[in-house]
């Protein structure tokens, strides 16, 4: 459990005293620590808050901020937070839609990564290392500074932090040609729960798979990514065409659904319906990897309804197109990409959906009605197809691949702090109205568009059944693999549940929940045996077992019964206890009148069994360690 408010002051003091013991004198950590008593605390905390909804008087504030300036600062923060039972929130760019990267309902520390922003481009081999605190804008600028024909597929927003953006998937206007950011990552450096720095080789392929789309901060602290750059032409063409309802926006958007996922992979056209001042306008914003002379025939052949004209098209370099998509004024210097963001100016709420089928025109008309009811809002419909349809959904935790037409993002913004609840509920109503038109069973969502409305676990507790509901929406069947990887992280099973990795709202990543699934897998044979005994009256056959065999079976069941009970696996626990009672009768004088609580904590335990008992009583849930012990020759079991 994370620390309580009552003990937070003492834990913070111990945490601060611990930090210098784990950093080199060459990299003192004192200047990286900001406490609420520090004059720079508020400005540091607020610098990377993007939504005024999380800048209210009731927004939780951290006990301290560690703005790491060296990787050893990250290691020290993890080690000292773990040893003092403190929760960490990890923030790279601050774009978390639900503020999970910098708020919590229990006392916590913010580990800020914005100082770790180094970028090293190796244009000759088409690769780069980018630290977690670097923004996408800084990365794009540095790539373009080295080559006019190299790029990287990531978001069009230029203030996204590489640490969180890439680890959640990372999509942008190059995804139909090259896939997502996670599809172009070659290596990574992370700090694990034990404070060790791991790369791809030392973390192993399972963990490397998990951090590329499964939320890296749930498995460690991302220090840096090694990325593969992609080849693009020196000239790209962009356009932005708006259509009102009177200009046929409904028919054009309907046609867009048919053709956008099937266009040439060099062409990406986003549809952006927008409601403002009681009217609807749909903007079609496009990018073509090539010149206008090749684009126009392609559009006229595939999408003549758009009515794209030569004067709508603007040829430029790829880095200039970044400014276009970010809506900087014409003529803005690319140096602006090196600027850090200003304070937010609006309140906002965002949600996501995936569309697999074409929304009928009648449905589009209903969407217009709902958007006008909500007020000043917009949606982004981002087309799939191309490379996205070629990559298997199990290649990374990001599962939304073939069979999708577009990703929807809903955005509602407002200025008045007094109407937060009203506005949030309005967007929820908008989202609910879209139910007939989007993915089902489950209704899928994009992890980087975090949305606690689809489910969450408390900050200091997790529940597998709850998490599975919304975990399947983010990850589909990849959810299960993520839980297994979390169960035994890199560096072994020595992970307490809850002290560090609660960055994600998807409580799926709690070690305890992963262990639960591991137990199901590892004890399947045992449970089949239990089932047979309980269903066919097999208890009477226990008398044919040798005492040594019964003792071993009793030990195994006692271990698993305790774990089942702690993990809420009630059916398994009841079956185990039923057989335990029968075994105890046969194993007198161990105890025939012993009640169930005593069964699960026998006083006579010694040797390896004693270690198992300690593991369970201390709540460490080190299941792999338990399994290793009971697999020793002395405990050769019936599984």
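Residue numbers (full-length UniProt numbering): 1 to 639. The beta carbon of each residue, even a glycine, is placed where N, CA and C say it ideally should be.
C-beta contact flag for residue i and residue j at 8 Å
{"i": "residue 86", "j": "residue 60", "result": "no"}
{"i": "residue 250", "j": "residue 361", "result": "yes"}
{"i": "residue 440", "j": "residue 454", "result": "no"}
{"i": "residue 173", "j": "residue 325", "result": "yes"}
{"i": "residue 68", "j": "residue 115", "result": "yes"}
{"i": "residue 641", "j": "residue 376", "result": "No answer is possible for residue 641: it lies beyond the span of the chain, which begins at 1 and ends at 639."}
{"i": "residue 118", "j": "residue 150", "result": "no"}
{"i": "residue 88", "j": "residue 109", "result": "yes"}
{"i": "residue 134", "j": "residue 227", "result": "no"}
{"i": "residue 93", "j": "residue 161", "result": "yes"}
{"i": "residue 482", "j": "residue 342", "result": "no"}
{"i": "residue 352", "j": "residue 451", "result": "yes"}
{"i": "residue 288", "j": "residue 267", "result": "yes"}
{"i": "residue 305", "j": "residue 358", "result": "no"}
{"i": "residue 54", "j": "residue 99", "result": "yes"}
{"i": "residue 485", "j": "residue 207", "result": "yes"}
{"i": "residue 261", "j": "residue 379", "result": "no"}
{"i": "residue 256", "j": "residue 284", "result": "yes"}
{"i": "residue 457", "j": "residue 467", "result": "yes"}
{"i": "residue 381", "j": "residue 347", "result": "no"}
{"i": "residue 111", "j": "residue 182", "result": "no"}
Where residue i sits in the DSSP three-state scheme
{"i": "residue 481", "result": "helix"}
{"i": "residue 105", "result": "coil"}
{"i": "residue 486", "result": "helix"}
{"i": "residue 383", "result": "strand"}
{"i": "residue 315", "result": "strand"}
{"i": "residue 17", "result": "helix"}
{"i": "residue 354", "result": "strand"}
{"i": "residue 410", "result": "strand"}
{"i": "residue 175", "result": "helix"}
{"i": "residue 78", "result": "helix"}
{"i": "residue 196", "result": "coil"}
{"i": "residue 498", "result": "Unreliable positioning characterises residue 498 in this predicted model, as indicated by a pLDDT of 30, which lies under 50. A coordinate reading is not provided."}
{"i": "residue 393", "result": "coil"}
{"i": "residue 294", "result": "helix"}
{"i": "residue 7", "result": "helix"}
{"i": "residue 510", "result": "Any answer about residue 510 is weak, because its pLDDT of 39 lies below 50 and its placement is not dependable; what the coordinates show is given next. Note: residue 510 maps to coil in three-state DSSP."}
{"i": "residue 12", "result": "helix"}
{"i": "residue 515", "result": "In this predicted model, residue 515 has a pLDDT of only 42, less than 50, meaning its place in the structure is not dependable enough to derive any value."}
{"i": "residue 336", "result": "helix"}
{"i": "residue 309", "result": "coil"}
{"i": "residue 23", "result": "coil"}
{"i": "residue 321", "result": "helix"}
{"i": "residue 419", "result": "helix"}
{"i": "residue 343", "result": "coil"}
{"i": "residue 34", "result": "strand"}
{"i": "residue 642", "result": "Residue 642 is absent from the structure shown; the chain starts at 1 and stops at 639."}
{"i": "residue 588", "result": "Any reading at residue 588 is ruled out, since the residue's pLDDT is 40, under 50, leaving its predicted position unreliable."}
{"i": "residue 99", "result": "coil"}
Beta-ladder partner(s) of residue i, from DSSP
{"i": "residue 279", "result": "276"}
{"i": "residue 243", "result": "282"}
{"i": "residue 270", "result": "285"}
{"i": "residue 122", "result": "127"}
{"i": "residue 221", "result": "191"}
{"i": "residue 112", "result": "67, 91"}
{"i": "residue 150", "result": "231"}
{"i": "residue 238", "result": "287, 314"}
{"i": "residue 135", "result": "161"}
{"i": "residue 348", "result": "413"}
{"i": "residue 377", "result": "275, 412"}
Nearest-angstrom beta carbon gap, residue j and residue i [assumed within contact, 8 Å]
{"i": "residue 179", "j": "residue 420", "result": "Wrong, their Cβ atoms sit about 37 Å apart, outside the cutoff."}
{"i": "residue 404", "j": "residue 354", "result": "6 Å"}
{"i": "residue 82", "j": "residue 193", "result": "7 Å"}
{"i": "residue 667", "j": "residue 447", "result": "Not covered by the structure: residue 667. The range shown for the chain is 1 to 639."}
{"i": "residue 265", "j": "residue 387", "result": "6 Å"}
{"i": "residue 113", "j": "residue 236", "result": "Not confirmed; about 31 Å, so no contact."}
{"i": "residue 38", "j": "residue 344", "result": "Not quite, the Cβ-Cβ distance comes to about 22 Å (not below 8 Å), so this is no contact."}
Residue i beta carbon near the ligand FAD (any heavy atom closer than 7 Å)
{"i": "residue 167", "result": "This structure simply doesn't include the ligand FAD, nor any ligand for that matter."}
CB contact below 8 Å: residue i versus chain B
{"i": "residue 331", "result": "Protein chains in the displayed structure number just one, and chain B is not present."}
Quick check: the stretch 213 to 231 against the stretch 184 to 197, are at least 3 beta-carbon pairs closer than 8 Å? yes
The stretch 238 to 248 / the stretch 152 to 163 touching (three or more Cβ pairs under 8 Å)
Contact between the stretch 238 to 248 and the stretch 152 to 163 is not established, with fewer than three Cβ pairs separated by less than 8 Å.
task = Taking 8 Å as the threshold, find out whether the stretch 294 to 310 comes into contact with the stretch 8 to 23 through three or more Cβ pairs.
result = At 8 Å Cβ cutoff, the stretches do not touch.
Report yes or no: do three or more beta-carbon pairs, one from the stretch 37 to 50 and one from the stretch 73 to 86, lie closer than 8 Å? no
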